[in-house]
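Participant: Can you keep this structure in mind? I'll have questions shortly.
Given below as structure tokens:
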């Protein structure tokens with residue numbers, strides 16, 4: 103992480119800046135002195151303006167620490183402080199933990215989302231945090247909605263885990279990883295018309311090939327060779343391959359059946375695997391930059407299918423109904439959601455307690471691959 107301290111951040115309506123002693127009156131009257139406003143904070147409301155002044159003095163003195171991030175949320179037109187936003191840094195995990203408060207007069211006007219929505223990119227891109235997290239009381243759903251609207255994802259509910267001012271309550275946990283943030287950002291400008299699919303592979307792997315297409319004996323022989331060359335973090339071609347082979351075989355039988363039931367017309371029994379858009383996590387997983395991208399618009403609706411995340415995990419978890427979609431059904435779901443493509447993907451439930459998602463794409467006709475390869479070869483010759 104980079105220790106760059108509390109720097110000014112400007113949004114359409116707000117200026118996020120350092121506190122000064124001139125903010126004492128505004129802080130006390132706008133939020134710190136109101137019990138209702140501070141009811142979900144770990145500290146009690148201030149009893150006097152002098153107490154607020156002492157607090158701000160302490161904050162101002164701490165600004166000399168380069169890893170201290172504490173912003174006054176000020177209305178740009180008046181430079182009036184209406185709340186605060188703090189990011190506490192955990193150096194051992196490179197995590198920034200958010201907390202915030204906004205004066206009651208400015209609730210339900212989008213100010214908190216605007217402020218937090220500007221700080222999240224600052225922490226990931228400038229401070230280079232690897233994770234941003236936040237927690238709120240179970241009886242404070244508004245704070246949770248703010249966090250979700252800023253891109254954080256629900257990570258779980260800890261039941262009766264917090265003793266707040268109103269008694270024991272659940273604790274709602276939210277978080278976002280840098281890798282997920284960058285992936286979502288890479289898809290910000292994507293719309294349905296510009297979608298593409300990406301195939302990632304590990305070193306030594308078969309380009310645009312499915313090992314399940316090989317005769318079983320040949321597949322196991324090739325897997326042993328791949329196990330020696332693989333750069334993947336998960337060597338599924340090693341000792342695990344016998345189990346992987348059977349699970350993948352069962353999964354592809356299920357995928358084929360469901361795709362056909364949904365009016366799919368596969369040209370192969372074993373598809374080629376892609377992800378929708380991009381996912382840098384796969385490059386990190388495979389340990390190589392090898393990837394191939396194909397536009398989605400040219401692929402027939404009945405020759406491509408989509409699943410939420412890994413299809414083999416879906417099969418393992420018994421999530422076998424309503425999780426294999428053809429192109430028409432999938433694009434209709436995005437349009438009806440009213441969300442952008444990246445937002446829709448991230449709104450899908452994760453697996454094994456991991457929030458965030460990706461779309462696995464299965465191409466059932468190799469003609470599109472041949473067209474891609476021929477197009478690339480023609481470009482090279484030119």
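In our numbering, the protein residues as written are 103 to 484. Where a beta carbon is used, it is the ideal one built from N, C-alpha and C, also for glycine.
1. Unbroken beta strand (DSSP E) runs of length 3 or more, entirely within the segment 153-206: which are they?
2. Starting from the C-beta of residue 343, find all residues in its chain whose C-beta is less than 6 Å away, skip the five residues before and the five after it, and write them out in chain order.
3. Counting beta carbon pairs with one atom in the segment 127-134 and one in the segment 224-234, are three or more of them shorter than 8 Å?
4. Among 460, 238 and 407, which one has its Cα closest to the Cα of residue 144?
5. Using beta-carbon positions only, say whether residue 316 and residue 471 come within less than 9 Å of one another.
6. Any idea what DSSP makes of residue 138, helix, strand or coil?
7. Tell me, please, whether the segment 340-359 touches the segment 414-427 by the rule of three or more beta-carbon pairs shorter than 8 Å.
8. Suppose you measure from the CA of residue 454 to the CA of residue 158; what does that come to, to the nearest Å?
9. By how many angstroms is the C-alpha of residue 443 removed from the C-alpha of residue 434?
10. Since residue 140 and residue 147 are thought to touch, with beta carbons under 8 Å apart, how far apart are those beta carbons, to the nearest angstrom?
11. Let me know the secondary structure DSSP gives residue 448 once reduced to three states.
12. Using CA atoms only, rank isn't needed, just tell me which of 399, 422, 276 and 387 is closest to residue 243.
13. For residue 464 versus residue 361, is the C-beta spacing smaller than 9 Å?
14. Just how far apart, CA to CA, sit residue 480 and residue 430?
15. Given residue 295, which residues of its chain have a CB within under 6 Å of its CB, disregarding the five upstream and five downstream residues?
16. Among the residues of its own chain, which have a CB less than 8 Å from the CB of residue 338, if the five just before and after it don't count?
17. In the structure shown, what three-state DSSP assignment does residue 126 receive?
18. Which residue comes first and which comes last in the alpha helix (DSSP H) that contains residue 392?
19. On the premise that residue 225 lies in contact with residue 213, defined as a C-beta separation below 8 Å, what is that separation, rounded to the nearest angstrom?
20. Just reading off the beta strand (DSSP E) that residue 295 is part of, what are its end residues?
21. Would you kindly check if the distance between the Cβ of residue 409 and the Cβ of residue 461 is under 9 Å?
22. Mind reading off the beta-carbon distance from residue 191 to residue 116? Whole number of angstroms is fine, and I expect it under 8 Å.
23. Check this for me: beta carbons of residue 285 and residue 381, under 9 Å apart or not?
24. Pull up the distance between the alpha-carbon of residue 137 and that of residue 185, whole angstroms please.
25. What do you reckon, are the CB atoms on residue 402 and residue 467 nearer than 9 Å?
26. Using a Cβ-Cβ cutoff of less than 6 Å, which residues in the same chain neighbour residue 132 once the five nearest sequence positions on both sides are dropped?
27. Closest to residue 266 by CA distance: which of 241, 290 and 257 is it?
28. Among 474, 437 and 440, which residue has its Cα nearest to the Cα of residue 395?
29. Considering only residues of the same chain and omitting the five flanking positions on each side of residue 257, which have a CB-CB separation below 7 Å?
30. Can you give the Cα-Cα distance for residue 110 and residue 179, rounded to whole angstroms?
31. Between which two residues does the beta strand (DSSP E) carrying residue 406 extend?
32. Residues in the same chain with beta-carbon distance under 6 Å from residue 113, minus the five sequence neighbours each way, listed in chain order, please.
33. Going by Cα to Cα distance, which pick from 327, 292, 202 and 156 is closest to residue 248?
34. Around the C-beta of residue 282, are 16 or more other C-beta atoms found within 10 angstroms, so that it is buried, or is it exposed?
35. Return yes when at least one heavy atom of the ligand MG lies under 8 Å from the C-beta of residue 350, else no.
36. Unbroken beta strand (DSSP E) runs of length 3 or more, entirely within the segment 341-391: which are they?
Facilitator: Let's see:
1. Counting only runs of 3 or more, we get 171-177, 182-192 and 197-204.
2. 325
3. At 8 Å Cβ cutoff, the stretches do not touch.
4. Of the listed residues, the one whose Cα sits closest to residue 144 is 238.
5. no
6. Correct three-state label for residue 138: coil.
7. yes
8. The predicted model places residue 454 with a pLDDT of 49, which falls under 50 and marks its position as unreliable; any figure quoted below should be read in that light. Rounded to whole angstroms, residue 454 to residue 158 spans 43 Å at the Cα level.
9. 11 Å
10. 4 Å
11. helix
12. 276
13. yes
14. With a pLDDT of 46 at residue 480, under the threshold of 50, the modelled position of this residue cannot be trusted; read the value that follows with caution. Straight-line Cα distance between these residues: approximately 31 Å.
15. none
16. Excluding the 5 residues flanking it on each side, residue 338 has same chain C-beta neighbours closer than 8 Å at 346, in chain order.
17. helix
18. Where residue 392 is concerned, there is no enclosing alpha helix (DSSP H), given that its DSSP letter is neither H nor E.
19. Incorrect: roughly 19 Å between the Cβ atoms, too far for contact.
20. Taken as a continuous stretch (DSSP letters only), residue 295 belongs to no beta strand (DSSP E), as it is neither H nor E.
21. yes
22. At roughly 22 Å, the Cβ-Cβ gap does not stay under 8 Å, so residue 191 and residue 116 are not in contact.
23. yes
24. 14 Å
25. yes
26. 184 and 205
27. Checked all of 241, 290 and 257; the closest Cα to residue 266 is 241.
28. It is 474 whose Cα lies nearest to the Cα of residue 395.
29. 275, 276, 277 and 457
30. 15 Å
31. 406-410
32. Its chain contains 216 and 220 as the residues whose beta carbon lies nearer than 6 Å to that of residue 113, once the 5 sequence neighbours on both sides are disregarded; these appear in chain order.
33. 202
34. It counts as buried.
35. Among the components modelled here there is no ligand, and therefore nothing to report on the ligand MG.
36. 374-378
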